[in-house]
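These notes are about the structure you will find just below.
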Amino acid sequence: MYSFRKNKFSSLSEALENPKNCKKLSLLFIEYNLKDKGAIFSQFINLRTLEIQAHPFIYNLDDFELPKEIAELKKLKKISLLNLPLKVFPEWLTRIKSLQYLMIRGNDIDTVPETISQLDQLKTLRIENCELNKLPKTLNQMLNLKYLGLSETKLTDLNPDLFPKNLKEINLSGSRRYKDDDFENLKKALKRTKI
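Quick note on numbering: full-length UniProt numbering labels position 39 of the sequence shown as 39, and the sequence is numbered without any gaps.
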């Protein structure tokens, strides 16, 4: 008897056929706004991985939003948000206590809220290819964080006090706004961290 149940889905309509089984949802090259889809997302109570990538068609949508209901999904461990027309970091993301991996890449976000430190299970944080120009003062409180991706950002301040001391790796590739001396000081201060 064939008893395999699908738990990975690539469209909302497909996942809605069996929402409790949906553990991984990959919405790639979406061409629509998700702001009114909250009631749909709130049904995916066992979701562990969420990947959303926008099609270039919607990059100029001024009113694009992600549904805040995603924050109610208590089993989410991994979120990847690629090329979404976001101007502001969705602060409700910092309420998903189960998160271990967060990537927000290819957008117009310039700051990360201080509340990011509430994600105390987070092991990987990637805020990349965006307008990010300063780090939150609370970042150094994220003691479980192992990998910090800050490639292709506009960071200028690499004060070692901003970074958690137990990081294994920091990726700053393509972010050349900081001074070379600051980069060297960071490497000296975080000797166990690959930079």
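All residues carry an ideal CB built from backbone N, CA and C; glycine is no exception.
- The alpha-carbon of D157 is positioned some 15 Å away from that of P164.
- Among the bridge pairs identified by DSSP, E128 is matched with R105.
- Scanning W92, L61, N144 for the CA closest to the CA of A71 turns up W92.
- Distance between K74 and N18, taken at the CA atoms: about 18 Å.
- Separation of the CB atoms of L162 and L125 is rounded to 13 Å, and the pair is thereby denied contact status at 8 Å.
- Per the C-alpha coordinates, the member of A39, E69, T49 positioned closest to L25 is T49.
- Here A15 is buried. Its C-beta has 16 or more other C-beta atoms within 10 Å.
- The criterion of a C-beta distance shorter than 8 Å is not satisfied by F89 and H55.
- Rounded to the nearest angstrom, the Cβ distance from N144 to Q121 is 6 Å, consistent with a contact under 8 Å.
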